[in-house]
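4 protein chains.
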Amino acid sequence: MKWIINEYPIKELATGEVLNLKTYTVHGSPGPHIHIQASVHGAELQGNAVILHLMDLLNSQKMKGSITFIPLANPYATNNKIGTYTYGRFNPVTGHNWNRNYVDIIKESNFNIDEFAKENKDYSWGEIRSKFKAKLEIVFEKYVEDLIQSKKLAENNKLNLLLQQLASKADGILDLHTGPVATRYLYSAEYQEQVAYYLKFRHVVVIPNEFGGAMDEACFMPWIHLRDALKKYKKNISIDIESFTLEFGSEETFCMQNASKDVESILNYMKYKGLLEGTPDQIDSHACRLKNFRTIYSPKGGLVDYHFEPGQRYLKGDTLASFYNLKSIDPKDPIVSCRSKVMAEEDGIVINRCPSSSVHQGMELFQVMTKLEEHGAIK
Amino acid sequence: MKWIINEYPIKELATGEVLNLKTYTVHGSPGPHIHIQASVHGAELQGNAVILHLMDLLNSQKMKGSITFIPLANPYATNNKIGTYTYGRFNPVTGHNWNRNYVDIIKESNFNIDEFAKENKDYSWGEIRSKFKAKLEIVFEKYVEDLIQSKKLAENNKLNLLLQQLASKADGILDLHTGPVATRYLYSAEYQEQVAYYLKFRHVVVIPNEFGGAMDEACFMPWIHLRDALKKYKKNISIDIESFTLEFGSEETFCMQNASKDVESILNYMKYKGLLEGTPDQIDSHACRLKNFRTIYSPKGGLVDYHFEPGQRYLKGDTLASFYNLKSIDPKDPIVSCRSKVMAEEDGIVINRCPSSSVHQGMELFQVMTKLEEHGAIK
Amino acid sequence: MKWIINEYPIKELATGEVLNLKTYTVHGSPGPHIHIQASVHGAELQGNAVILHLMDLLNSQKMKGSITFIPLANPYATNNKIGTYTYGRFNPVTGHNWNRNYVDIIKESNFNIDEFAKENKDYSWGEIRSKFKAKLEIVFEKYVEDLIQSKKLAENNKLNLLLQQLASKADGILDLHTGPVATRYLYSAEYQEQVAYYLKFRHVVVIPNEFGGAMDEACFMPWIHLRDALKKYKKNISIDIESFTLEFGSEETFCMQNASKDVESILNYMKYKGLLEGTPDQIDSHACRLKNFRTIYSPKGGLVDYHFEPGQRYLKGDTLASFYNLKSIDPKDPIVSCRSKVMAEEDGIVINRCPSSSVHQGMELFQVMTKLEEHGAIK
Amino acid sequence: MKWIINEYPIKELATGEVLNLKTYTVHGSPGPHIHIQASVHGAELQGNAVILHLMDLLNSQKMKGSITFIPLANPYATNNKIGTYTYGRFNPVTGHNWNRNYVDIIKESNFNIDEFAKENKDYSWGEIRSKFKAKLEIVFEKYVEDLIQSKKLAENNKLNLLLQQLASKADGILDLHTGPVATRYLYSAEYQEQVAYYLKFRHVVVIPNEFGGAMDEACFMPWIHLRDALKKYKKNISIDIESFTLEFGSEETFCMQNASKDVESILNYMKYKGLLEGTPDQIDSHACRLKNFRTIYSPKGGLVDYHFEPGQRYLKGDTLASFYNLKSIDPKDPIVSCRSKVMAEEDGIVINRCPSSSVHQGMELFQVMTKLEEHGAIK
């Protein structure tokens, strides 16, 4: 197996140091290309452990195709400490969420996809796919060059556009994240839901085939646009390029032992994609449409006792969390007098929760899956 | 003159304290209503000094109509210190820019404005305006109540929706901000550009009649929607409700002496609106369309020497700023070897600049007006 | 049982709100006074849960003496969010650790303790103790008043001096803290080590009878000074006033169920002090002198896999943590090539560890007890 | 002139990058050695501009001796942005002020200075000075090595000890800082006060010959200890090694034009030290003992209107600043009702002030020189 290492400068700091992305690409015999990146949110570390295990395993495997690994895809964010924690979810200068700065490149670049569809509709899907990837490459280069020339390349764009550009050649894009305090879960677009189950996550959030600024969306949108454009010319294709966000547990944690299990998710997907030999399998999962993946915002401020851990199911009427307002204690009945409860309004599963018990009104308390759909035999 | 003071709880903190908005409303004889708020961005303080002067002046004036003042409209943000500076531009928990969380209420609430237009098209504009304000009030109340019931009232919504709701009754909305290190300038929508000049700012940025999340837009959008809906029924109206963002210099500064001049802007607008007697006048101004109001992002990281101050004009080819990279000094020619320059690509005026000389690549260096349009005799 | 509630203003914020301390004091029949405070470090919350349980239990008990509870003793710090975590260990404006701002009041105030000892040496210890407490009260009041008059009352002093002053009347002071990610442990001064074991912590760090800026020290130092002064006049007394720092697990967590066990520690101490009836008992514990309570600073930067959890014992030669440098991966042997290990140099127990796996060189990795001393039958 | 460039690794970041110090040393003909560093506090930038000008000038001068320049002496701190400002005064992880982590190396290392004095008392001062510098070098190396071996080399020590060690060979140490919003001023120890005036600052704060954790003190303390030790053996020497902190205006600013004047201060000192030819001169200055260099802490919270700028004199009774509490406005008399004033209690000069007008109770409002002593003809 052949490895190629590249480095890309992404941010010159005030003191003159330059932060780089380092990409590690492994090539087997011809086959599909997979793009795997971790830690675009600076505190979300577990994906790096998964990458290390995967790189390790590939050295002793026969592989078709190629994979590009980008561990620590946002070093500025991972290095940004305030206190002992990592202030890595959004840019500390601008507030922009690092995973909402990507672009719907087909729209933004004014690339004429209709024309492309018209010109290429009679080719095979394989040929169209190749040509479109090549086009995307050029479109990105021009788009970035224009921003540089006009000094419009902002703080965040550079990193996000580079990642998007690198991923534009891939047949599978895996963006490795974590939640705050979280169980493992997966975001999948509707068009690829059936493939999603090969990633073997027990919890799957199904999102629309639409753009909202995130990496997974930015990577599948060109193909959605292409599919829609080809349809106008009576060419119906089924997109065989996937783009997922994988949430590997809680932020601020890095555990190689857990990663040795986490990696099975990606190995199975590689079998599905034909990079590795063997028959991929699926596990029983819960799916949940995005509109039913609910954020419960804190109705009050206070100290919070969380009663359900991520991954746990709860029923309508359960007390999800108790709030204690320490400024309104009646000492004759101290616990009850200052306590209020957040009750579940319908059945669900806690997917993640706020990592602190000190909570202001309006902060995100929980994200929960409701109106669960069962995939496989799961109950 | 009669003053009414109200308090609105906006955020219960983790320790149980509740932050409030305090509104001061003054009533003269019947007439239009003006809404004036300051410091939605926590570090932008000068508007409060302007409010104090204006409140003071009104006690010795004859006034028609009414004004609601909301100084320190975002106490959570103004109190948020990291170091000696105020981390007040965006929510420190979520990264959301405090002035991008407003909603296009007509759209979001699914209020049927077409039906409203149809039903009311035969009334006079004055009657339609009254009815529409009353409707907006109800729409806001229901919208907020629904969010509370479903625990979707997030960190930021509560404040922003309350401000929007309070402003929905106004005939003029003035949102007082400042830039980072900045000259005084004004944002005006296109539809009200001719009124804007009564605010007597030397620099006017003209924005489209569209929604982008800011207070000024959130306040004029219902009227834009109403105008468009009425047009379908052949009722052509000219919107006489204005909504502006006034930028009173630099953040972190509060100067009563400067405010005694700043207040003339609003006094003149009050004359225009008929709250005060007298003939309003205009000054010579520069206007600039939003697309020509350019942010110059830093092409490099380094220590920056700014060569133009806010308010200064520059010509194409001028050196706007010099960057010094202290890690690449050739000691034989230290200054030249580590310096690079940011040149102006076209004529313009510096409106604001980054308040620090320590700058990472991609940060906002300057905002500049280009392709200046002269209003009045200005050159 | 009679409860008295007091409120003390401690900080007027920029926007005009005043943060207060609220104290809850319960009085039984005559007896000693205990002072219990929590959350001087803003993110250290569990002590508040302990206080709630204790307040609750006291309502159904017969108690001698009195207790003052101060939950959320530093609301400014608890409310200070940067991201979802609480930036509560030190003042965000000045960097001062909130638990290092107390004063050695006898020294700082120039109170002539020699004279006091000389004048009072012939009284009984009980009488001396009373008189000294009364003196301390006056000394504090004058000390604070002088600071106010000379505008030297800084950001931090006000809170810290107030807490110290309130505690100066107590016969037992319990300052409730937590570690970062930590097991439960106790700080005790040498002079009171035998009493410490009544608090039933499995891990006890024994500190010298000296001043280092912390609350526990600030509260016992006057008595150390008094003992030393009396000794000069041949009056040997044994200090029966204790001051401890209790570390109840990890920061950012608040769990009432755990608190129902944590409270047993304080109940047992209350028996020892005679506030509650019953015979206090002790548990087997590990003790460790402060000089053997070691901080292991990170010898490198990297992503860290922690191999021991707080509370776990390890042996010399064990790998405490592994560092992964993701910028120096050899893809042919990815895991080994980028990994380095932090080995234990002697046997010990992990007491707490850094709550993040993203670690810069020089950050605190672990605090460990070494050269363990067994108290009781513990092995 | 010969330049030597060195690089010293000082901090490996979590993502594997290593931050370095870069030193630029210029050698002329034999003579004294000067150490000049800038930006130990990350936001204090102007010293770097001074260094660039000085390096530039030296290329066209005849110089005796040598100078080591360390621009951006704390890259971690300079790069640390929260919002657009630089959070560079203290370590964001630990809260330690970057200029309070130095050590009194003679004390900390247990170096037996008495023995050294005894052994060397009969040598000439020049010889003793040489031997002592050589000793210091060894002492530092061993001290750091011991910390590394025992994993006690914390976050901050590494940088501070390296800077101290590099400076230990110097005959003059200039630590370039700035204030928050500040005029130019100088800290000088008592023993070197007469030399201080050659640095030509208009404002001089005279500090005791004692250790408080700062670089200037850390660098002169070994010589103070040596002088005191020699005195015991009847050897009276006058220390001819100086160590100053130079405050070049306000933080966050970098201005080459101002630096071209600032540099004259150091050029004049170089003449005094004999590195450059020419007769050094002095300017009329104000001096002030440290105990009279007063910090005025904010007696209230509120929005602040500062009435004196740094460098301005004021008289007893002047209003230094006005506070506006926007939560307690009486609208009938809005300005007066919410305003309170901070009056000067004695004559003085404002040296620096808080850079924000949003101020919590207890924050540093001003630092002022009082009880001015005139040096030269100044009034």
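Protein sequences, first through last, are from chains A, B, F and D.
The numbers in the first sequence follow our numbering, run straight up by one, and end at 379.
The numbers in the second sequence follow our numbering, run straight up by one, and end at 379.
The numbers in the third sequence follow our numbering, run straight up by one, and end at 379.
The numbers in the fourth sequence follow our numbering, run straight up by one, and end at 379.
Even glycine gets a Cβ: it sits at the ideal position worked out from N, Cα and C.
Model, not experiment: these values are computed from the prediction.
Candidates the options, of which the one nearest residue i by Cα
i	options	result
Leu-320/B	Lys-11/B, Asp-228/B and Glu-309/B	Glu-309/B
Val-50/D	His-360/D, Lys-341/D, Phe-366/D and Glu-247/D	Glu-247/D
Ile-207/B	Tyr-191/B, Lys-169/B, Asn-79/B and Ile-173/B	Tyr-191/B
Phe-254/A	Ser-322/A, Gly-362/A and Ser-39/A	Ser-39/A
His-286/A	Glu-345/A, Tyr-185/A and Phe-220/A	Tyr-185/A
Leu-166/B	Tyr-187/B, Gly-179/B, Ala-189/B and Phe-140/B	Phe-140/B
Leu-147/B	Lys-371/A, Asn-6/A, Gly-362/A and Glu-137/A	Gly-362/A
Asn-91/A	Lys-62/A, Pro-75/A, Glu-277/A and Val-181/A	Pro-75/A
Lys-81/F	His-360/A, Gly-376/A, Lys-2/A and Glu-373/A	His-360/A
Lys-2/D	His-53/D, Lys-64/D and Lys-22/D	Lys-64/D
Asn-59/F	Gln-46/F, Pro-71/F, Tyr-24/F and Arg-89/F	Tyr-24/F
Chain A contact for residue i (CB, 8 Å cutoff)
i	result
Pro-299/B	yes
Pro-355/D	no
Thr-78/D	yes
Thr-253/F	yes
Proximity test, Cβ basis, 8 Å: residue i and chain D
i	result
Asn-99/B	no
Ala-154/F	yes
Tyr-272/B	no
Thr-178/A	no
Met-343/B	no
Tyr-185/B	no
Neighbour flag for residue i against chain F, beta carbons, 8 Å
i	result
Ser-358/A	yes
Asp-305/A	yes
Residue i in three-state terms, based on DSSP
i	result
Ala-14/A	coil
Arg-129/D	helix
Asp-114/B	helix
Tyr-24/D	strand
Ala-182/D	strand
Tyr-198/D	helix
Asn-6/A	strand
Proximity test, residue i beta-carbon vs the ligand NAD heavy atom, cut-off 7 Å
i	result
Lys-158/B	Within the structure as shown, the ligand NAD is missing, as the structure has no ligands at all.
Test: residue i CB closer than 8 Å to a CB of chain B
i	result
Leu-320/A	no
Val-40/D	no
Lys-291/A	no
Met-256/D	yes
Check distances from the C-beta atoms of the region 80 to 92 of chain D to those of chain A and list, in chain order, the residues that come in under 7 Å.
Hits within the stretch, in order: Lys-81, Ile-82, Gly-83, Thr-84 and Pro-92.
With a floor of 4 residues, list each alpha helix (DSSP H) that falls wholly inside the region 203 to 284 of chain D, ordered by position along the chain.
215 to 232 and 256 to 273
Within the region 288 to 372 of chain A, ranges of the beta strand (DSSP E) (whole runs, at least 3 residues)
293 to 297, 302 to 306, 319 to 324, 339 to 343, 348 to 353 and 364 to 370
Members of the region 11 to 22 of chain B near chain A, C-beta cut-off 7 Å:
Lys-11, Glu-12, Leu-13, Ala-14, Thr-15, Gly-16 and Glu-17
With a floor of 4 residues, list each alpha helix (DSSP H) that falls wholly inside the region 128 to 171 of chain A, ordered by position along the chain.
157 to 167
Extract the residue ranges of the beta strand (DSSP E) inside the region 45 to 94 of chain B, only unbroken runs of 3 or more that lie entirely within it.
64 to 70
With 7 Å as the limit, tell me which residues of the region 53 to 75 of chain A have their beta carbon closer than that to any beta carbon of chain F; keep them in chain order.
Within the region 53 to 75 of chain A, Met-55, Asp-56, Asn-59, Pro-71 and Leu-72 place their CB atoms closer than 7 Å to a CB of chain F, listed in sequence order.
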